[in-house]
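Below is one structure, written out as structure tokens; comments come after it.
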Amino acid sequence: MDNNKLGIEIKQIRKNKKLTLREVSERSGLSKSFLSQVERGISSVTFTSLRKISEGLGVNISLFFETEEETQSIKKLPFKKNAMQPNFTYTSLVGNMKSPQFYPARIELKAGESHTTTYRHHGQEFVYVLEGQLKVVLNSHEETLYAHESLHIDSAEEHIWYNDTDYPVVLLVVSTNN
Numbered sequence: 001m002d003n004n005k006l007g008i009e010i011k012q013i014r015k016n017k018k019l020t021l022r023e024v025s026e027r028s029g030l031s032k033s034f035l036s037q038v039e040r041g042i043s044s045v046t047f048t049s050l051r052k053i054s055e056g057l058g059v060n061i062s063l064f065f066e067t068e069e070e071t072q073s074i075k076k077l078p079f080k081k082n083a084m085q086p087n088f089t090y091t092s093l094v095g096n097m098k099s100p101q102f103y104p105a106r107i108e109l110k111a112g113e114s115h116t117t118t119y120r121h122h123g124q125e126f127v128y129v130l131e132g133q134l135k136v137v138l139n140s141h142e143e144t145l146y147a148h149e150s151l152h153i154d155s156a157e158e159h160i161w162y163n164d165t166d167y168p169v170v171l172l173v174v175s176t177n178n
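In the UniProt record's numbering, the protein residues as written are 1 to 178.
Here it is, written out as structure tokens:
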């Protein structure tokens, strides 16, 4: 999904929920001007900013990714993928589950993601580093996770995770909304 399609979808969800840019700004912690630029396809988003937008809209981030493949196979579930964002790639591993209680995904953060302001949201997160190094800040404590290390947190705690290296980092992330 390119920036323009993503922006249109964000605006449509916001309008369907009868939310103003101001309300989404207050809920997400992102500026109205940035949100407006995203909706118009002028600005691209980082994974962190898209998570904040989805939290502000009250939806799971996986909602923003197009279905590419449908299959009933147990071994190869259908997935959603966004390969067009410049800062990250998100592959939903939910499959064809309707109303899942948790959202597994494969996320690749490109080199040098710079969004490092902590935030909080509803739910829980389990993050497992498949490749690379992930910087994690949790309640003002900073740490680096390496391949085959993980964290499981209550997302209501102040946190952020990002890639500040010159190489991509690949993650398995399982999250909930409540």
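Note that beta-carbon positions come from the ideal geometry of N, C-alpha and C, so glycine has one too.
message: Rounding to the nearest angstrom, what Cα-Cα distance links Val170 and Glu149 in this structure?
response: 12 Å
field: Proximity below 8 Å, CB of Thr176 to CB of Phe64
entry: no
task: Tell whether a beta-carbon distance below 8 Å holds between Asn139 and Glu125.
output: no
query: In whole angstroms, what is the alpha-carbon distance linking Arg51 and Asn60?
result: 8 Å
- prompt: Out of curiosity, what's the CA-to-CA distance linking Leu109 and Lys18?
  reply: 32 Å
- request: For the alpha helix (DSSP H) containing Glu55, list its first residue and its last residue.
  value: Phe47 to Leu57
- request: Assign Glu143 to buried or exposed, taking buried as 16 or more other Cβ atoms, counted over all protein chains shown, within 10 Å of its Cβ.
  value: exposed
message: Please report the straight-line C-alpha distance between Gly58 and Ser25, rounded to a whole angstrom.
response: 12 Å
- prompt: Mapping DSSP to helix, strand and coil, what is Gln85?
  reply: coil
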